[in-house]
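In my numbering, the protein residues as written are 1 to 255. Notes to accompany the following structure.
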Ligand code: NAD
């Protein structure tokens with residue numbers, strides 16, 4: 001069964017502690033391809049090659065040849081209607097916590113405060129050997145100044161990495177704990193634009209449902225949780241969430 005934005009608005013309006021979990025699909029309308037849809041990033045690149053710790057350690061030039069232009073691409077896009085609607089739901093007090101798998105910072109740029117970034121973010125660079133941190137601007141400047149395109153730590157000389165968590169890298173403990181604590185408090189979790197195939201975030205809906213809470217999913221493609229959700233929406237995130245905000249604000253759709 002397919003639900004409407006009005007159904008979603010009603011579920012959120014009746015929640016005591018609603019949380020939102022977003023994935024790459026919330027940013028596709030900003031022009032950033034997701035990973036698993038047709039035309040997504042992994043059709044073009046092998047993730048285990050370009051986004052892995054193994055490549056970062058053994059072939060940092062290859063690693064940074066992929067990541068340096070990607071930083072510029074991610075910096076050139078703008079938040080879309082879905083990011084703005086989620087920020088509005090937080091301002092309205094309808095959504096209490098936002099958990100994102102995205103590293104693109106678009107939630108923050110749309111006005112969302114305190115998003116729990118479970119896969120790291122592009123906000124900074126760091127040295128894995130001595131823990132020295134640099135801003136994203138410094139990271140890019142070091143990469144651009146290097147003959148081989150590899151930014152290196154000014155303290156110890158080791159190659160720097162961005163704050164994005166790579167395959168084979170430990171997950172950020174504080175953020176994962178915060179995400180699970182948020183899910184433990186939630187009576188409603190709304191998933192937007194995630195295929196729910198990546199652990200440990202894929203376990204969050206089960207935590208909420210297991211405590212008697214409700215799950216709403218808004219994605220274009222199927223997820224493993226579709227038969228366990230109370231609300232299932234298949235539309236585009238920007239339009240559906242904008243309409244949801246409209247229902248919550250004045251009980252009517254603006255289109
Ligand atoms: P995914 O690619 O596995 O799934 C994306 C989901 O979003 C799919 O179900 C797709 O149908 C849906 N979708 C795409 N466009 C949509 C739209 N406009 N409206 C509604 N739904 C839409 O992504 P995932 O579950 O986030 O997992 C993949 C990993 O990708 C995560 O680790 C994340 O860190 C990383 N990633 C992040 C970005 C980013 O920061 N923007 C981009 C690509 C990948």
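No residue lacks a Cβ here, since even glycine has one placed at the ideal position from N, Cα and C.
Kindly list the residues whose CB is nearer than 6 Å to the CB of residue i, restricted to its own chain and excluding five residues on each side of it in sequence; keep chain order.
i: residue 25; result: 34, 193 and 219
i: residue 133; result: 124 and 126
i: residue 227; result: none
Whole-angstrom Cβ separation of residue i and residue j, contact assumed at under 8 Å?
i: residue 2; j: residue 233; result: 7 Å
i: residue 100; j: residue 22; result: 5 Å
i: residue 79; j: residue 30; result: 6 Å
i: residue 64; j: residue 168; result: Contact doesn't hold; Cβ gap of about 17 Å is too wide.
i: residue 130; j: residue 161; result: Actually they do not touch by this definition, with Cβ atoms about 12 Å apart.
i: residue 82; j: residue 238; result: 5 Å
i: residue 68; j: residue 143; result: 5 Å
i: residue 114; j: residue 163; result: With 8 Å as the limit, residue 114 and residue 163 do not qualify as a contact, their Cβ atoms being about 16 Å apart.
i: residue 204; j: residue 158; result: Contact flag wrong, Cβ pair sits at about 34 Å.
Given that a residue counts as buried once 16 or more other Cβ atoms are within 10 Å of its Cβ, and exposed if not, what is residue i?
i: residue 66; result: exposed
i: residue 166; result: buried
i: residue 104; result: buried
i: residue 102; result: buried
i: residue 213; result: buried
i: residue 58; result: exposed
i: residue 47; result: exposed
i: residue 70; result: buried
i: residue 255; result: Confidence in residue 255 is poor, its pLDDT being 47 and thus under 50, which makes the residue's placement unreliable; the coordinate value appears in the next sentence. Under this definition residue 255 is an exposed residue.
i: residue 135; result: exposed
i: residue 5; result: buried
i: residue 195; result: buried
i: residue 320; result: Because the chain spans 1 through 255 in this model, residue 320 falls outside it and cannot be assessed.
i: residue 170; result: exposed
i: residue 251; result: exposed
i: residue 181; result: exposed
i: residue 54; result: exposed
i: residue 199; result: exposed
Verify the contact flag: residue i, CB atom, against every heavy atom of the ligand NAD, threshold strictly below 6 Å.
i: residue 31; result: no
i: residue 2; result: no
i: residue 167; result: no
i: residue 35; result: yes
i: residue 78; result: no
i: residue 237; result: yes
i: residue 202; result: no
i: residue 99; result: no
i: residue 50; result: no
i: residue 227; result: no
i: residue 195; result: yes
i: residue 242; result: no
i: residue 103; result: yes
i: residue 135; result: no
i: residue 119; result: yes
i: residue 189; result: no
Which same chain residues end up closer than 7 Å to residue i when comparing Cβ atoms and leaving out the 5 residues on each side of it in sequence?
i: residue 208; result: 183, 186, 189 and 215
i: residue 18; result: 12, 94, 95, 96, 186, 188 and 190
i: residue 75; result: none
i: residue 175; result: 116, 117 and 118
i: residue 247; result: 5, 6, 9 and 253
i: residue 92; result: 248
i: residue 229; result: 215, 216 and 217
i: residue 223; result: 195, 196 and 217
i: residue 61; result: 148, 149 and 150
Pull up the DSSP beta-bridge partners for residue i, would you.
i: residue 117; result: 100
i: residue 66; result: According to DSSP, which records beta bridges pairwise, residue 66 is partnered with nothing at all.
i: residue 188; result: 18 and 214
i: residue 125; result: 134 and 162
i: residue 231; result: 216
i: residue 167; result: 52
i: residue 6; result: The partner list for residue 6 (beta bridge, DSSP) is empty, contrary to what the question assumes.
i: residue 152; result: 159
i: residue 95; result: 18
Measuring only between beta-carbons, confirm whether residue i sits less than 7 Å from chain B.
i: residue 215; result: In the displayed structure, chain B is absent; only one protein chain is listed.
With a threshold of 6 Å (Cβ to nearest heavy atom), would residue i be considered close to the ligand SAH?
i: residue 216; result: The model on display carries the ligand NAD but not the ligand SAH.
Quick one: what's got a C-beta closer than 8 Å to residue i's C-beta in the same chain, skipping five residues either side?
i: residue 86; result: 20, 22, 26, 95, 98, 107, 110, 112, 192 and 241
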